[in-house]
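Notes to accompany the following structure.
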Amino acid sequence: MVVGAGNAALCAAVSAAQYGARVLVLEKSPKAFQGGNCPYTGAGFRFTHDGIDDLKSLLLESVTTGNIAMSPYTADDFRKHLEQATYGDSDERLVNVLIAQSRETVDWMYSIGVQWELPASARLENAPSVIPNQVALSALESGPGLVRMLTKAVTGLGTQILYETKMVSVVVGEQGEIIGINIQDHEGVHTISCKAVVLACGGFEANPEMRIKYLGTRWENAKVRGSRYNTGDGHRVALAVGAATNGHWTGCHGTPIDLQAPRTGDLALTDAMPRRSYPIGIMVNLDGQRFTDEGAGFAEQTFVQIASDILTQKRNRAFQIFDQRAVPYLEPRYGRSEPFQANTIRELAEMAGIHSGAFGATVDEYNQVAHDADYIPKSLDGRSTSSITPVKSNWAIRLDKPPFLAYGVTGGITYTYGGLKIDEHARVLNMEDHPITGLYAAGEIVGGIFYHNSLRAAGLMHGSVFGKIAGRHGAGL
Ligand SMILES: Cc1cc2nc3c(=O)[nH]c(=O)nc-3n(C[C@H](O)[C@H](O)[C@H](O)COP(=O)(O)OP(=O)(O)OC[C@H]3O[C@@H](n4cnc5c(N)ncnc54)[C@H](O)[C@@H]3O)c2cc1C
Numbered sequence: 344m345v346v347g348a349g350n351a352a353l354c355a356a357v358s359a360a361q362y363g364a365r366v367l368v369l370e371k372s373p374k375a376f377q378g379g380n381c382p383y384t385g386a387g388f389r390f391t392h393d394g395i396d397d398l399k400s401l402l403l404e405s406v407t408t409g410n411i412a413m414s415p416y417t418a419d420d421f422r423k424h425l426e427q428a429t430y431g432d433s434d435e436r437l438v439n440v441l442i443a444q445s446r447e448t449v450d451w452m453y454s455i456g457v458q459w460e461l462p463a464s465a466r467l468e469n470a471p472s473v474i475p476n477q478v479a480l481s482a483l484e485s486g487p488g489l490v491r492m493l494t495k496a497v498t499g500l501g502t503q504i505l506y507e508t509k510m511v512s513v514v515v516g517e518q519g520e521i522i523g524i525n526i527q528d529h530e531g532v533h534t535i536s537c538k539a540v541v542l543a544c545g546g547f548e549a550n551p552e553m554r555i556k557y558l559g560t561r562w563e564n565a566k567v568r569g570s571r572y573n574t575g576d577g578h579r580v581a582l583a584v585g586a587a588t589n590g591h592w593t594g595c596h597g598t599p600i601d602l603q604a605p606r607t608g609d610l611a612l613t614d615a616m617p618r619r620s621y622p623i624g625i626m627v628n629l630d631g632q633r634f635t636d637e638g639a640g641f642a643e644q645t646f647v648q649i650a651s652d653i654l655t656q657k658r659n660r661a662f663q664i665f666d667q668r669a670v671p672y673l674e675p676r677y678g679r680s681e682p683f684q685a686n687t688i689r690e691l692a693e694m695a696g697i698h699s700g701a702f703g704a705t706v707d708e709y710n711q712v713a714h715d716a717d718y719i720p721k722s723l724d725g726r727s728t729s730s731i732t733p734v735k736s737n738w739a740i741r742l743d744k745p746p747f748l749a750y751g752v753t754g755g756i757t758y759t760y761g762g763l764k765i766d767e768h769a770r771v772l773n774m775e776d777h778p779i780t781g782l783y784a785a786g787e788i789v790g791g792i793f794y795h796n797s798l799r800a801a802g803l804m805h806g807s808v809f810g811k812i813a814g815r816h817g818a819g820l
């Protein structure tokens, strides 16, 4: 039994079927929403390779790579980048498997029908000649394409996917081994006997109760950027039968997001909702106070923390304030928002519902120590304020060119880091580090790979690597 029908699950299902198992896939959502967070991604994969010539065999014949240079991406590079992101706290055993099997898993995915393309930057008409090597390929037609191609591979092997059918619990035998699974569909709850269950049903980002419990109360009202179906069912079911946890259970990926973003992901909107131009303005809460260092670094380095900071503010919201010096540099997606706009800070406060006196005082205090300069957003300009709290470390430039704009923002959650403890064979371990016979896990439900931060395009990669392994071992090999 494979629980979920996203990237990790479908890799597990194909692998198990290839090794001769009779496989059934359960998907809680209707078919149109299959794949959890997978369809929300660009489907970039991070894996080791020997440069552009090495990738040719994975690309469609029509793709010309003649003018493109891409250097090899070595196991050492992969390890170094993961260590930088996670401060070296990842589970070394899992990292070793991930890196060592990344390339062969991409090849295997190709062999089962996943078509690959070069990163978007390489496909532009005026593409640069040197393409970054870290995320060398994306699945054709991004996340939705990946789910489509893997689903075809699964069904092509005669494996059925039951939609709108969820795992409720697992059935344990006298020795603590898995002997069945309880599932629920429109007709009720049924028990199916089985020898192995692969849990690949994502994280707990869409479950407010689990967000409060593990991430902290600040994440209670976070907007969910991806699937509403990833509610930590696999975490709860596995913990109930004695599984051990691994990784950073208080950690998650998030971003500042438009206050009007939907409560849970909408494929047409997700990419348009992040609001990451805050380094070139200031942020205030409803009380008109600044609460964080907006210029601590480039947005790529700070946006997860900033999302968390916003969520601790009154009514989990804040306003990003810009003047006309900043406007030309706002990310294009700000065009999707309807900001408040006014010629004075007082008027702006009244329109946005911010405490007017306090907001005015905050801007006056900031302007007294901020710099009269132009923004250079692409370099840390070192223009800081030292005498106000919180300090603004870079891009502390006066807000004095009306009209002023206020964009309402909150925190959005992308996915969670904490999960189940597995070994190199994707077997779920109990508290004594013994495998729970018949229980496997892969994908976002696995803990121990991302700590503190995630690494772009490594999430899908580890889901595929351990999905393939889980399928094979679940099939009894
Ligand atoms: C906006 C966004 C952008 C992202 N960008 C990237 C990126 O660029 N690169 C990257 O590597 N990762 C990215 N991620 C993370 C990536 O989506 C996840 O790492 C990946 O999808 C996890 O795969 P998975 O197979 O473990 O889970 P999912 O793909 O989320 O699939 C889980 C499946 O399980 C189903 N399910 C849940 N509970 C049950 C149940 N009880 N019974 C049956 N089925 C159940 C769900 O409906 C879903 O289909 C992004 C995520 C989001 C939201």
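The C-terminal position of the sequence shown is numbered 820 in my numbering, with every residue numbered one higher than the one before it.
Heads up, the beta-carbon is just placed ideally off N, CA and C, and yes, glycines get one too.
Determine the DSSP secondary structure at residue i, reduced to helix, strand or coil.
{"i": "residue 662", "result": "strand"}
{"i": "residue 461", "result": "coil"}
{"i": "residue 633", "result": "strand"}
{"i": "residue 408", "result": "coil"}
{"i": "residue 650", "result": "helix"}
{"i": "residue 529", "result": "coil"}
{"i": "residue 692", "result": "helix"}
{"i": "residue 373", "result": "coil"}
{"i": "residue 788", "result": "helix"}
{"i": "residue 536", "result": "strand"}
{"i": "residue 669", "result": "coil"}
{"i": "residue 427", "result": "helix"}
{"i": "residue 388", "result": "strand"}
{"i": "residue 398", "result": "helix"}
{"i": "residue 617", "result": "strand"}
{"i": "residue 323", "result": "Any answer about residue 323 is impossible in this case: the structure gives the chain only from 344 up to 820."}
{"i": "residue 456", "result": "coil"}
{"i": "residue 380", "result": "coil"}
{"i": "residue 586", "result": "strand"}
{"i": "residue 502", "result": "coil"}
{"i": "residue 555", "result": "helix"}
{"i": "residue 488", "result": "helix"}
{"i": "residue 416", "result": "strand"}
{"i": "residue 678", "result": "helix"}
Mind checking residue i: buried by the 16 CB within 10 Å criterion, or exposed?
{"i": "residue 656", "result": "buried"}
{"i": "residue 825", "result": "Residue 825 lies beyond the range of the chain shown here (344 to 820); nothing can be said about it."}
{"i": "residue 582", "result": "exposed"}
{"i": "residue 735", "result": "buried"}
{"i": "residue 762", "result": "buried"}
{"i": "residue 502", "result": "buried"}
{"i": "residue 371", "result": "buried"}
{"i": "residue 410", "result": "exposed"}
{"i": "residue 686", "result": "exposed"}
{"i": "residue 536", "result": "exposed"}
{"i": "residue 531", "result": "exposed"}
{"i": "residue 403", "result": "exposed"}
{"i": "residue 430", "result": "exposed"}
{"i": "residue 375", "result": "exposed"}
Assuming residue i is part of the beta strand (DSSP E), what are its boundary residues?
{"i": "residue 363", "result": "Looking at the DSSP string, residue 363 is not in any beta strand (DSSP E), and its letter there is neither H nor E."}
{"i": "residue 770", "result": "770-772"}
{"i": "residue 601", "result": "595-601"}
{"i": "residue 512", "result": "509-515"}
{"i": "residue 481", "result": "480-482"}
The alpha helix (DSSP H) with residue i in it runs from where to where?
{"i": "residue 709", "result": "699-712"}
{"i": "residue 749", "result": "It is not in any alpha helix (DSSP H) - residue 749 instead sits in the beta strand (DSSP E) that spans 747-759."}
{"i": "residue 783", "result": "Where residue 783 is concerned, there is no enclosing alpha helix (DSSP H), although the beta strand (DSSP E) it sits in stretches over 778-784."}
{"i": "residue 825", "result": "Residue 825 cannot be examined here, being either before or after the span of the chain that is shown, 344 to 820."}
{"i": "residue 623", "result": "It is not in any alpha helix (DSSP H) - residue 623 carries neither H nor E in the DSSP assignment."}
{"i": "residue 683", "result": "First-last for residue 683: 683-685, but that is the beta strand (DSSP E), not the alpha helix (DSSP H)."}
{"i": "residue 740", "result": "No alpha helix (DSSP H) holds residue 740; DSSP gives it neither H nor E."}
{"i": "residue 803", "result": "801-817"}
Between residue i and residue j, how many whole angstroms is the CB-CB distance? I'm expecting something under 8 angstroms.
{"i": "residue 380", "j": "residue 493", "result": "About 14 angstroms; that fails the 8 angstroms criterion."}
{"i": "residue 565", "j": "residue 755", "result": "6 angstroms"}
{"i": "residue 525", "j": "residue 511", "result": "4 angstroms"}
{"i": "residue 547", "j": "residue 631", "result": "Not confirmed; about 35 angstroms, so no contact."}
{"i": "residue 355", "j": "residue 814", "result": "4 angstroms"}
{"i": "residue 658", "j": "residue 629", "result": "6 angstroms"}
{"i": "residue 600", "j": "residue 571", "result": "Not really, about 15 angstroms apart at Cβ, beyond 8 angstroms."}
{"i": "residue 862", "j": "residue 638", "result": "The structure shown does not extend to residue 862, since the chain is modelled only from 344 through 820, so no value can be given for it."}
Validate contact between the region 596-614 and the region 774-786 using beta carbons, cut 8 angstroms, 3 pairs: no
Segment contact, 8 angstroms Cβ cut-off, at least three pairs: the region 671-678 with the region 615-626: yes
Segment contact flag, the region 576-590 with the region 390-406, C-beta cutoff 8 angstroms, min 3 pairs: no
Meets three-Cβ-pair contact criterion under 8 angstroms: the region 423-430 and the region 797-807: yes
At least three beta-carbon pairs within less than 8 angstroms, the region 720-734 to the region 633-647: yes
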